[in-house]
Amino acid sequence: MKGLLSGFTAIAAKEFLHMKRDPATIVIALFIPMLQLVLLGYALNFDVKHVKTAVVDLSRTSESRTYIQGLNNTQNLDIVSYLPSPDQAELALRRAEVSVAVIIPPDFDRHFGTSQPPTVQVYVDGSDGQVARPAITAFAGPPGAARSGGVQARYSVLYNPQIRTQVYTIPALVCVLLQLITVSLTSFSLVREREQGTLDQLMVSPVGRLGLTLGKLAPYSVLGMIELFVVLALGCTIFDISIAGNVLLLALFAVPFIMAGLSVGLLISTIAQNQAQALQLTMLTVMPSILLSGYISPRDTLPGALYLLSEFIPVTHFIAISRGIVVRGAGFTDLLPSALALCGLSVVLITAATLRFRKSGA
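According to the working numbering, the sequence shown is numbered sequentially starting from 55.
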């Protein structure tokens, strides 16, 4: 027994010494579980309420206003806009500005509270089933405010009529996987070169900082674009998903997203001193991207601070673009706000990576 444990004290002391000399790794290792606890606690909320709803009130009577107030009282719906026509309501749904649109007919007041109750047309965005189902519940549930006057609802679930889970998860999953790969590809780049001793040669070369940054990102960008199409094609084939929109438009918007992900990885590689730290920082970056982007649960369920933080995560906007194109068939104008946000984040991250990538020492 003594022979089996010989050297135990010396080896343990050596490992404790290594830990003491690398406090950054210890801090990161302790910080990640605490961050995950907070994010998981707040982000994993499947109790969806206050679904963004648009109303087209063609009646404009006290009866219709009473009914609209009843919709708000359900707590499942949140009236955020009043639109002039059903066409405008469908446009708002395609642009993901709202998830539900209620069309109140002109003769609503004549039937309200009678033996022949009025019927309203309800359009539901099926591109996110976690939002669509509770929205339908607001109309189909037990008698209450939403059904005052015996109002009946005729549903039309747009874009994903069967509310199939794969239809709205696969386009988002492709984005999350692409984020994971792009960050991982470059997060080990400088660390590996530093450990191999080739970084010093780059530091004394006549290459400019921006040229060096973009030169490192370019090959991985091509690889990321190939991965996007391969994974998307595989997912659509296996799960029988039809792409409703323009694939070339998706490719165009994928460019700033891939560059943003690679820049995040390059930033990590300028901070990390070894591959263990690079791995931990990568996980620290990827976890919020998964939890706060709307992939697992709708962003509207996030607390205000986390919702604001999610706006600065590139995959948040690319998921909106991917679902918009693949599921809803959204066009360039419909997705322009998400695209502009993605381009802005890409420019900021590339600039930050370039400034961090000092030739005097990364």
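Quick reminder that beta carbons are idealized off the backbone N, C-alpha and C, glycines included. Note that this is a predicted model, so its numbers are computed, not measured.
In DSSP terms, what residue i is bridged to
i           : result
residue 270 : Looking at the DSSP assignment, residue 270 forms no beta bridge with any residue, so it has no partner.
residue 106 : 132
residue 211 : 178
residue 173 : 206
residue 111 : 158
Beta-carbon gap between residue i and residue j smaller than 7 angstroms
i           : j           : result
residue 361 : residue 230 : no
residue 184 : residue 105 : no
residue 346 : residue 317 : no
residue 314 : residue 244 : no
residue 163 : residue 117 : yes
residue 173 : residue 206 : yes
residue 321 : residue 192 : no
residue 159 : residue 125 : no
residue 149 : residue 175 : no
residue 308 : residue 282 : yes
Inter-residue CB distance, residue i and residue j (contact presumed, cutoff 8 angstroms)
i           : j           : result
residue 224 : residue 295 : 6 angstroms
residue 310 : residue 396 : 5 angstroms
residue 137 : residue 179 : Going by Cβ atoms, the distance from residue 137 to residue 179 rounds to 15 angstroms, so no, they are not a contact pair.
residue 342 : residue 325 : Contact doesn't hold; Cβ gap of about 17 angstroms is too wide.
residue 236 : residue 278 : 5 angstroms
residue 156 : residue 381 : Actually they do not touch by this definition, with Cβ atoms about 21 angstroms apart.
residue 177 : residue 143 : 6 angstroms
residue 369 : residue 285 : Wrong, their Cβ atoms sit about 14 angstroms apart, outside the cutoff.
residue 378 : residue 389 : 5 angstroms
residue 134 : residue 107 : 7 angstroms
Length of the line joining the Cα atoms of residue i and residue j
i           : j           : result
residue 171 : residue 392 : 41 angstroms
residue 290 : residue 63  : 56 angstroms
residue 383 : residue 129 : 30 angstroms
residue 70  : residue 304 : 50 angstroms
residue 293 : residue 301 : 18 angstroms
residue 306 : residue 299 : 13 angstroms
residue 327 : residue 271 : 20 angstroms
residue 329 : residue 280 : 26 angstroms
residue 404 : residue 226 : 24 angstroms
residue 241 : residue 355 : 31 angstroms
residue 409 : residue 264 : 9 angstroms
residue 353 : residue 165 : 38 angstroms
residue 109 : residue 374 : 23 angstroms
residue 376 : residue 75  : 45 angstroms
residue 273 : residue 239 : 10 angstroms
residue 197 : residue 131 : Residue placement at residue 197 is poorly supported in this model, since its pLDDT is 41, which falls under 50; the coordinates still yield a value, given next. Taking the straight line joining both Cα atoms gives about 16 angstroms.
residue 312 : residue 401 : 12 angstroms
residue 151 : residue 372 : 16 angstroms
residue 215 : residue 287 : 22 angstroms
residue 190 : residue 153 : 11 angstroms
residue 188 : residue 210 : 15 angstroms
residue 416 : residue 276 : Note that residue 416 has pLDDT 44, beneath the 50 cutoff, so the model's placement of it is unreliable and the number below is only indicative. Going by the C-alpha atoms only, they are around 25 angstroms apart.
residue 248 : residue 323 : 10 angstroms
residue 234 : residue 334 : 13 angstroms
residue 337 : residue 319 : 11 angstroms
residue 357 : residue 339 : 19 angstroms
residue 297 : residue 386 : 15 angstroms
residue 186 : residue 219 : 11 angstroms
residue 359 : residue 141 : 34 angstroms
residue 332 : residue 344 : 18 angstroms
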